[in-house]
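Just below is one structure, and these are the notes that go with it.
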Amino acid sequence: MAESRTTLPNRLPYLLMGGHICVDAAQAGLAAVLPFLVLDGGLSYAQATLLVLASNIASAVIQPLFGWLGDKKARPWLMALGVVLAGGGIAAIGLLKTYWLIVLAALISGIGNAMLHPEGGRLANLVGGTDKAVSMSVFSVGGQVGFCLGPIITVAAINAFGLAGTLVYLAFCLPYAAVLLAFNRRFLSFGLREQAAEGAQVARDRWGAFSVVMGALSVRSIVFYGVTSFMPLFIIGTFGVEQGFASALITVFSLAGAVATALSGLASHKVSIPALMVGGFCLIGAAMLVFVFCHNLPLCIAMLMLIAVGTNIFNPPAVALSQSYLPAHLGMASGLSFGVAVAVGGVVSPLLGMVGDAVGLTPVLLLLVAFSAVGLASSIVTMRIEKRR
């Protein structure tokens, strides 16, 4: 038994990461299929964007529900079903001709995404043992890899096979769902061993402390969405570069963020998680100010990479910390952290766009600096909470 406990945390987080790659590739792939649905499928811009909105809302709103169900009774099989629904939903979109059936397929894909995150996050915590932050960083990297791969897979498949190319998602989602299902008993028994060893009632839930960390995670989401939405437009307007070059910088941002996410667990071994949060928000604010006022393209790109590091270096450890405040509701904590906190950025981003339309993009980016200050304040409060813990 001792040997099993030392080897399991080294394997299972990577298995969970694979499921995360599948569902987030499907989510990102949905956005990539929109231009083809408009040009080849005859959808209007409003109809196309409604698909993403429907999928994202379904995913964000339902995630806490699945987390609550996972807290009542462990259901690792939800991850396999989530991978099937996420991949199957986007696969169907390329075949369907009736708009409302396409909307239904997008909703199903979003529900599949919502199924995996709470259970996957809960299990990433359990299988991490004493290295929960490292385990959570491995799981989180899967999401970023999925978001990078989704558009590439979608565009390549549709260019090769037409809209029916979305069926490519079944080619890897179905087999991986089978792999997750094959590990269902192991995941279930591991959770039972953890509960027997630690007990759900050793520590009480601390919703106040959890809310403070959720505030920081929500601010992080606002900054992330704001940068990815408005950074290309700001660079085009400031330096006159081509659209393709500015858009490619999003890939640079994503890659730098993925590296930071991968290293975040190890970073949490060197400094406390609240200190990591404080450092991340300080880095975001400082780099954003330089980005706005430097008027030097290479330096702007360097600052963009630093912002990516700042927004990702503390994210998985902070999720693990939030889970530690809700020991009896790990699934709920995961659903709120991966669902609601992320959705906040998607909700605020259009509001920032309205500000940009009214007064320009520089004030929008300065607002992101102000949001970073709010995140910094939440992080300092978290640090004080941890000192009294």
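Using the working numbering, you'd call the opening residue of the sequence shown number 110 and step up by one each time.
The beta carbon of each residue, even a glycine, is placed where N, CA and C say it ideally should be.
These numbers come from a predicted model, not from an experiment.
Classify residue i as helix, strand or coil using the three-state DSSP reduction.
i, result
"proline 436", "coil"
"alanine 306", "For alanine 306, the pLDDT reaches just 49, beneath the cut-off of 50, and the residue's location in the model is therefore unreliable, although a value from the coordinates is still provided. If DSSP states are grouped into helix, strand and coil, alanine 306 belongs with the helices."
"phenylalanine 423", "coil"
"alanine 266", "helix"
"glycine 198", "helix"
"asparagine 405", "coil"
"alanine 350", "Position check: residue 350 holds valine in this sequence, whereas alanine was assumed. The answer is coil: DSSP assigns valine 350 none of H, G, I, E or B."
"alanine 450", "helix"
"phenylalanine 292", "coil"
"leucine 187", "helix"
"threonine 207", "coil"
"threonine 471", "helix"
"aspartate 149", "coil"
"threonine 239", "coil"
"arginine 497", "coil"
"lysine 182", "coil"
Can you give the Cα-Cα distance for residue i and residue j, rounded to whole angstroms?
i, j, result
"isoleucine 416", "valine 254", "18 Å"
"asparagine 234", "proline 426", "10 Å"
"alanine 214", "valine 247", "29 Å"
"threonine 491", "leucine 435", "15 Å"
"asparagine 75", "threonine 471", "Only positions 110 to 498 of the chain appear in this structure, which leaves residue 75 out of reach."
"isoleucine 199", "arginine 498", "45 Å"
"histidine 226", "histidine 129", "7 Å"
"phenylalanine 270", "alanine 411", "38 Å"
"glycine 196", "aspartate 180", "25 Å"
"asparagine 268", "serine 164", "24 Å"
"leucine 289", "methionine 188", "7 Å"
"phenylalanine 402", "isoleucine 345", "15 Å"
"threonine 158", "leucine 143", "8 Å"
"alanine 486", "alanine 395", "15 Å"
"threonine 347", "valine 322", "35 Å"
"cysteine 131", "glycine 150", "25 Å"
Once the 5 residues before and after residue i are set aside, which same chain residues still bring their CB inside 6 Å of it?
i, result
"leucine 495", "Residue identity check: residue 495 is glutamate in the sequence provided, not leucine. Contacts found: Pro383."
"leucine 445", "Pro173"
"phenylalanine 296", "Pro185, Leu232"
"glycine 259", "Ala134, Ala137, Gly138"
"valine 483", "Val328"
"cysteine 535", "The first residue shown for the chain is 110 and the last is 498, placing residue 535 beyond what the model contains."
"valine 399", "Met412"
"leucine 276", "Ala200"
"alanine 266", "Gly274, Val277"
"phenylalanine 319", "Ser431, Tyr434, Leu435"
"alanine 355", "Pro341, Ile344, Ile345"
Kindly list the residues whose CB is nearer than 7 Å to the CB of residue i, restricted to its own chain and excluding five residues on each side of it in sequence; keep chain order.
i, result
"alanine 330", "Checking the displayed sequence, the identity of residue 330 turns out to be serine instead of alanine. If we look at serine 330 and ignore the five residues flanking it on each side, its Cβ neighbours are Ala450, Val451, Val453, Gly454."
"threonine 370", "Ser246, Ser249, Val250, Gln253, Asn421, Asn424, Pro425"
"tyrosine 123", "Val247"
"tryptophan 177", "Gly440, Met441"
"tryptophan 316", "none"
"serine 488", "Ala325, Pro383, Met386, Val387, Phe390"
"valine 332", "Ile393, Thr420, Leu477, Phe480, Ser481"
"lysine 206", "none"
"alanine 306", "Reliability fails at alanine 306, whose pLDDT of 49 lies under 50, so the model's placement of it is uncertain and the value that follows must be treated cautiously. For alanine 306, where only same-chain residues beyond five positions count, there are no Cβ hits under 7 Å."
Looking only at its own chain, which residues have a Cβ that is under 8 Å from the Cβ of residue i, when we skip the five neighbours before and after it?
i, result
"phenylalanine 362", "Val336, Thr337, Met340, Leu413, Met414, Ile416, Ala417"
"alanine 367", "Val250, Gln253, Val254, Cys257, Asn421"
"phenylalanine 292", "Leu121, Leu124, Pro185"
Do residue i and the ligand HEM come close, with the Cβ less than 7 Å from some heavy atom?
i, result
"alanine 395", "No copy of the ligand HEM occurs in the structure displayed, which carries no ligand at all."
* Quick one: complete alpha helix (DSSP H) runs, 4+ long, within the region 305-392? -> 316-348, 352-379
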